[in-house]
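Novice: Dumping the structure here so I can ask a few things about it.
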Amino acid sequence: MAAKARPLLNPDQTMYILPPLLLVIGGLGGFLSGLLGVGGGIIFVPALFFSMTALGTGPEQAMHLAVGTSLAVVFATGATSALAHHRRGAVDSGIVRAWGAFIVGGVIFGSLFASSVDGRLLKEIFAVITFAISLYMAFGSESKGPGAKTIAMNIQRGLCACIGMVSSMIGVGGAILTVPMMSYIGVPMQRAVGTGAALGMLISLPGCLGYMLGGAAQAYAAELPPFSVGYVNVLAALMIIPSSILLAPMGVKASHKLPRTTLRRVFAGVLMLVSIRMFMTLD
367 MAAKARPLLN PDQTMYILPP LLLVIGGLGG FLSGLLGVGG GIIFVPALFF SMTALGTGPE
427 QAMHLAVGTS LAVVFATGAT SALAHHRRGA VDSGIVRAWG AFIVGGVIFG SLFASSVDGR
487 LLKEIFAVIT FAISLYMAFG SESKGPGAKT IAMNIQRGLC ACIGMVSSMI GVGGAILTVP
547 MMSYIGVPMQ RAVGTGAALG MLISLPGCLG YMLGGAAQAY AAELPPFSVG YVNVLAALMI
607 IPSSILLAPM GVKASHKLPR TTLRRVFAGV LMLVSIRMFM TLD
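If you want it as structure tokens, here you go:
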């Protein structure tokens with residue numbers, strides 16, 4: 367039986383604090399989804415984790431629920447962001463077709479596997495990957511044109527399968543990995559961001575379904591918070607999605623006005639802050 371955390375808030379406090387908190391989380395995540403093409407997962411996962419533990423959900427269940435619920439929200443916000451980028455001609459359909467099937471295959475394996483692993487491991491993976499990518503985006507140089515650096519297609523497909531698996535394990539849309547990869551092979555940053563948002567839809571939908579099925583199969587499924595379908599809390603997702611979708615187009619507009627270097631630095635700074643905060647939760 368999973369350990370249950372002691373609530374930091376009583377039920378009355380929860381009723382008044384939780385709705386506006388989730389709206390703020392949704393708005394911030396939605397804006398970043400449009401700005402960076404990351405689907406907001408880098409904000410949703412830690413925010414949901416800390417919120418759920420404060421409300422008394424055990425740390426083991428809280429991390430799985432944060433990841434699964436994040437994927438549900440990421441699909442809705444990522445779809446909005448991807449559509450806005452597509453209207454601006456910033457989605458590379460060729461890359462989506464070439465990488466899509468391999469990403470989905472990785473997602474299916476990763477989400478089902480993650481449902482049965484220790485919650486601490488998911489936190490460690492999330493923190494390490496986001497920190498490493500933040501360093502690359504902060505200090506790595508962007509390729510100056512298409513084909514400036516090349517990766518063989520077979521290697522790209524293998525990397526995409528790994529990206530799908532890892533992304534589904536940490537509850538993000540995958541752009542924290544696909545955007546740097548596209549940047550490395552010379553895709554302009556704004557186009558990489560838009561394409562990353564589109565690829566995020568291929569990660570988040572099967573990933574969400576995998577967490578629903580995996581969580582429902584656990585022995586303590588009946589102990590999960592109300593309105594949970596497996597490891598996806600439907601109520602939390604529905605409260606986050608409206609403000610997230612509302613602010614995602616604003617992030618898209620900002621992404622097309624910022625210089626490429628500035629966009630990379632913003633991306634790196636957000637990832638590093640989230641990574642450090644998650645490291646602080648490890649015992």
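Under our numbering, the first residue of the sequence shown is numbered 367, with each subsequent residue one higher. Here a beta-carbon is modelled for each residue, glycine too, at the ideal position from N, C-alpha and C. Since this is a predicted model, take the numbers as computed values, not measurements.
Please say whether F410 and V439 have beta carbons closer to each other than 9 angstroms?
Specialist: Numbered from 1 along the sequence shown, position 73 holds the residue referred to as residue 439. Numbered from 1 along the sequence shown, position 44 holds the residue referred to as residue 410. Their beta carbons are under 9 angstroms apart, which means V439 touches F410 by this criterion.
Novice: Suppose only complete runs of 3+ residues qualify. What are the beta strand (DSSP E) ranges in the segment 551 to 632, listed by chain order?
Specialist: None, since the segment 551 to 632 contains no complete beta strand (DSSP E) of that length.
Novice: Is it the case that the Cβ atoms of L431 and Y597 are separated by a distance below 9 angstroms?
Specialist: Indexing the sequence shown from 1 puts residue 431 at position 65. Indexing the sequence shown from 1 puts residue 597 at position 231. Yes, these two residues count as a Cβ contact at 9 angstroms.
Novice: Which class does S482 belong to by DSSP, given the choice of helix, strand or coil?
Specialist: To locate residue 482, count along the sequence shown from 1; it is residue 116. Coil at S482, not helix or strand.
Novice: How do the segment 457 to 467 and the segment 551 to 569 stand: do at least 3 beta-carbon pairs fall below 8 angstroms, yes or no?
Specialist: In short, these stretches touch, since the Cβ pair count reaches three.
Novice: Shortest alpha-carbon distance to G472 belongs to which of R454, I536, I517 and A527?
Specialist: Counting from 1 along the sequence shown, the entry for residue 472 is found at position 106. With distances taken between Cα atoms, G472 lies closest to A527.
Novice: Helix or strand or just coil, what does DSSP make of I517?
Specialist: By 1-based counting over the sequence shown, the position of residue 517 is 151. In this structure, I517 counts as coil in the three-state DSSP scheme.
Novice: What is the rounded straight-line gap between the Cα of P591 and the Cα of F492?
Specialist: Residue numbering aside, residue 591 sits at position 225 when the sequence shown is read from its first letter. Residue numbering aside, residue 492 sits at position 126 when the sequence shown is read from its first letter. So the two alpha carbons sit approximately 23 angstroms from each other.
Novice: In the DSSP assignment, find the unbroken alpha helix (DSSP H) run with M418 in it and report its ends.
Specialist: What you label residue 418 is simply residue 52 of the sequence shown in a count that begins at 1. Start and end: G407 to A420.
Novice: Using DSSP with H/G/I as helix, E/B as strand and the rest coil, what is V439?
Specialist: Reading the sequence shown from its first residue, position 73 is the one you call residue 439. Of the three classes helix, strand and coil, the one that applies to V439 here is helix, per DSSP.
Novice: Pick out whichever of L525, M418, I536 and I408 has its Cα sitting closest to the Cα of M638.
Specialist: Counting from one through the sequence shown, the residue named residue 638 turns up at place 272. Among L525, M418, I536 and I408, the Cα nearest to that of M638 belongs to I408.
Novice: Please return the same chain residues whose Cβ sits closer than 7 angstroms to the Cβ of R643, not counting the five positions on each side in sequence.
Specialist: In the sequence shown, residue 643 corresponds to position 277, counting from 1. Cβ within range, chain order: P412.
Novice: With distance defined between alpha-carbon atoms, name the residue in V636, P386, R630 and I383 nearest to P546.
Specialist: Counting from 1 along the sequence shown, the entry for residue 546 is found at position 180. Among V636, P386, R630 and I383, the Cα nearest to that of P546 belongs to R630.
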